[in-house]
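Report on the structure given below.
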Amino acid sequence: MKLLELDNPREAIAIGCRLLQLFGLGRDERFKLVYWLQCVIYLAFSIVPRLLVEIDDTVALMRLIAELVFVVYLCLQIMALYCRRRQLYRLMDMLQQCIDIPYSEQIESFLIRSNVKINQSSAAYARFFMCVYVLYCTMSPLASGFVYIRNQRNATGMQEEFIITTEMNLYDLDIRYNPLHYSIYAGLIFVLSGISSLSLCTKDVIDIAAIKTVTLVFGIVTMQIRDLHEQITQERLNRVIKSHRNALSCVTQLQQALNLSVLFQFASCSAIWCLMLF
Numbered sequence: 349m350k351l352l353e354l355d356n357p358r359e360a361i362a363i364g365c366r367l368l369q370l371f372g373l374g375r376d377e378r379f380k381l382v383y384w385l386q387c388v389i390y391l392a393f394s395i396v397p398r399l400l401v402e403i404d405d406t407v408a409l410m411r412l413i414a415e416l417v418f419v420v421y422l423c424l425q426i427m428a429l430y431c432r433r434r435q436l437y438r439l440m441d442m443l444q445q446c447i448d449i450p451y452s453e454q455i456e457s458f459l460i461r462s463n464v465k466i467n468q469s470s471a472a473y474a475r476f477f478m479c480v481y482v483l484y485c486t487m488s489p490l491a492s493g494f495v496y497i498r499n500q501r502n503a504t505g506m507q508e509e510f511i512i513t514t515e516m517n518l519y520d521l522d523i524r525y526n527p528l529h530y531s532i533y534a535g536l537i538f539v540l541s542g543i544s545s546l547s548l549c550t551k552d553v554i555d556i557a558a559i560k561t562v563t564l565v566f567g568i569v570t571m572q573i574r575d576l577h578e579q580i581t582q583e584r585l586n587r588v589i590k591s592h593r594n595a596l597s598c599v600t601q602l603q604q605a606l607n608l609s610v611l612f613q614f615a616s617c618s619a620i621w622c623l624m625l626f
């Protein structure tokens, strides 16, 4: 897959940058039509249908609220990607500048080997998300297909319910027994799960790769300091000092880029666990 291929071994956060652009959040300042279209679809067919569900008991209410908190968390992370995009691209540019600096042969070898490993792990993580997404979207329709066959052969008139992956009132469509309505539901789940998977995968790939790449930059600074013992000159010392300052600037930018994402994640996970205690 071209999206997950590694073209340049020195490119910082290559996979994360491509996923962010695929999600509709490019570097330019133009109106993000693809991104906002995904937000509207997610709001109209994921959050609103859950608010329309009729609740019969307290346990079901707590479970629905926990599910709503999780869906709202996904929505917040989608919005956070939009708010964080400038900081993320700025961090990518800063890391790229640190990587593009010419180093000694030993450091160059370490840099390329480590950066390729980071990008390969990002690609593997994205492929894992893709496999989980495909399984999640196909297992229920396949099982419901067998349910439909059994219902057609059933002479008693008793109909089995189709398999649904999440509880929602899809604008009064009969998604449990009507094959056409269930097909519409399955198609919407396919789209909604794609939006959710892409947003979470993009967030995780970028955040993890950013942390690893900043760590790599500090590893390069450490190797430069060790090399000073062989021959200390003012020029080499100034180069190490500049590299260290650049690394510290990357840490500051990393913190700013991660703050909103980590805040939403901690708050939402705490809320979900508290509700699940019921």
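If you're matching positions, the sequence shown starts at 349 in this note's numbering and goes up one per residue. Cβ atoms here follow ideal geometry from the backbone N, Cα and C, with glycine treated the same way.
Bounding residues of the alpha helix (DSSP H) (the contiguous stretch that carries P397): Its alpha helix (DSSP H) spans residues V396 to L399.
Euclidean distance between Cα positions of V495 and D405: Distance between the alpha carbons of V495 and D405 is about 28 Å.
C485 burial status per 10 Å Cβ neighbour count (16 or more: buried): Taking all protein chains shown into account, C485 has 16 or more neighbouring C-beta atoms within 10 Å of its C-beta and is therefore buried.
CA nearest to the CA of K551, picked from L352, I363, E359 and P357: Looking at the Cα atoms, I363 is the closest of the given residues.
Option nearest Y530 by Cα separation, candidates G493, A392 and L585: Each of G493, A392 and L585 was checked against the Cα of Y530, and the nearest Cα belongs to G493.
Bounding residues of the alpha helix (DSSP H) (the contiguous stretch that carries T514): Neither: T514 is in no alpha helix (DSSP H) and is coded neither H nor E.
Span separating the alpha-carbon of N463 from that of T600: Using only the alpha carbons, I get a separation of about 21 Å.
Given 8 Å, three or more beta-carbon pairs between the region 355-371 and the region 549-563: Taking 8 Å as the limit for Cβ pairs, the verdict is that the region 549-563 does touch the region 355-371.
Cβ distance (whole Å) where T514 is taken to contact E415 below 8 Å: Correct: roughly 7 Å between the Cβ atoms.
Segment contact flag, the region 557-564 with the region 516-533, C-beta cutoff 8 Å, min 3 pairs: Contact between the region 557-564 and the region 516-533 is absent, because fewer than three Cβ pairs lie under 8 Å.
Proximal residues to S544 (C-beta, below 6 Å), its chain only, five neighbours per side dropped: Within the same chain, L422 come within 6 Å of S544 by CB-CB distance, once the 5 residues on both sides are set aside.
Limits of the unbroken alpha helix (DSSP H) element including A472: First-last of the alpha helix (DSSP H) with A472: E453 to R501.
Cβ-Cβ distance between R498 and E508 below 9 Å: Yes, Cβ-Cβ distance for R498 and E508 is below 9 Å.
T474 and L352 closer than 9 Å at C-beta: One point to set straight first is that residue 474 is Ala, not Thr, in the sequence displayed. Yes.
Nearest residue (CA-CA) to A595, options S616, I568 and S618: Nearest C-alpha to A595: I568.
Minimum C-alpha distance to D441 - residue among L385, S597, I455 and L429: For the residues L385, S597, I455 and L429, the minimum Cα distance to D441 belongs to S597.
Distance CB(F614)-CB(A428) smaller than 9 Å: F614 places its beta carbon 9 Å or farther from that of A428.
C-beta contact flag for V417 and I620 at 9 Å: Yes; because the gap between Cβ atoms is below 9 Å, this pair is in contact.
For Q604 and Q435, believed in contact at Cβ under 8 Å, the rounded distance: Yes, they are in contact, since the Cβ atoms of Q435 and Q604 sit about 5 Å apart, within 8 Å.
Whole-angstrom C-beta distance between L400 and N517, which should lie under 8 Å: Their Cβ separation, rounded to whole angstroms, is 4 Å, which keeps N517 and L400 in contact under 8 Å.
Simplified DSSP assignment, three categories, for Q507: In the structure shown, Q507 sits in coil (DSSP, three-state: anything other than H, G, I, E or B).
Nearest to C431 (by Cα), restricted to the options C446, R375 and L625: Of the candidates C446, R375 and L625, the one whose C-alpha sits nearest the C-alpha of C431 is R375.
T600 - DSSP class collapsed to helix/strand/coil: Taken through DSSP and simplified to helix, strand or coil, T600 comes out as helix.
Proximity to V539 [Cα-Cα], best of I573, L373 and Q386: In terms of CA proximity to V539, Q386 leads the group I573, L373 and Q386.
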